[in-house]
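Q: Following my numbering, the numbering of the sequence shown begins with 9 at its first residue and continues without gaps. Think of the CB as a built atom: it goes at the ideal place given N, C-alpha and C, for glycine as much as any other residue. The structure is given below, and queries will be raised subsequently.
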Amino acid sequence: MKAKHLMALLGAALMAAALTACARESGEVPSAPQAPASATNAGESADGAAPAAEYHKITAEEAKERLDANPDAVIVDVRTPEEHAAERIEGSINVPNESIGDEQPALLPDLDAEILVHCRTGVRSRQAAEKLVALGYTNVYDFGGIVDWPYGTVTGE
């Protein structure tokens with residue numbers, strides 16, 4: 009009887025090892041279990057530190073809702089100055105993706121400001137949003153491209 013239990017345990021261990029290996033090959037690495045939200049204070053991680061900034065992808069509609077709820081939110085257009093001048097979301101500031109490097113952009117002095125990032129189709133906005141998060145910005149939301157913005161734009165300088 010002991011042999012059957014030992015074989016079952018060994019089989020389960022081998023299956024777990026095989027599944028873990030498959031997950032790693034596909035790029036899906038299992039994560040450690042997270043503490044439930046109720047186990048920590050809001051805005052605090054399980055170890056008591058401030059939460060790490062992370063990339064957030066939202067829709068244009070969600071960006072509009074955020075703008076309506078927070079008039080201090082900053083719309084950042086990461087296209088070229090020429091693209092921004094030709095057509096832009098009213099009130100947006102232009103911080104070209106190519107200009108975002110290892111230092112905090114001068115036009116974005118507040119690391120905790122709510123920042124809504126867009127480009128033309130969504131490729132550069134994702135790159136820029138990830139760079140801003142890496143620089144320490146904590147409330148960065150990528151809403152993709154101006155082509156998906158149904159709320160009107162302005163043109164000209």
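When you compare the CB positions of E120 and T146, do they come within less than 8 Å of one another, or not?
A: Inspection of the sequence shows that residue 120 is occupied by Asp rather than by Glu. Yes, these two residues count as a Cβ contact at 8 Å.
Q: Helix, strand or coil: which one does DSSP assign to V103?
A: In this structure, V103 counts as coil in the three-state DSSP scheme.
Q: Counting along the chain, where does the alpha helix (DSSP H) carrying E122 start and finish?
A: Here E122 belongs to no alpha helix (DSSP H); instead the beta strand (DSSP E) covers 122-127.
Q: Can the beta-carbon of I108 be found less than 8 Å from the beta-carbon of H126?
A: Taking 8 Å as the Cβ cut-off, I108 and H126 do not qualify as a contacting pair.
Q: Measuring only the C-alpha atoms, how far is F151 from E165?
A: Going by the C-alpha atoms only, they are around 23 Å apart.
Q: Would you list the residues sitting across from I108 in a DSSP beta bridge?
A: DSSP, once it has assigned bridges, lists no residue as partnering I108.
Q: Less than 8 Å between the CB atoms is what I'm expecting for Y149 and I66, so what's the real figure, rounded?
A: About 5 Å; that satisfies the 8 Å criterion.
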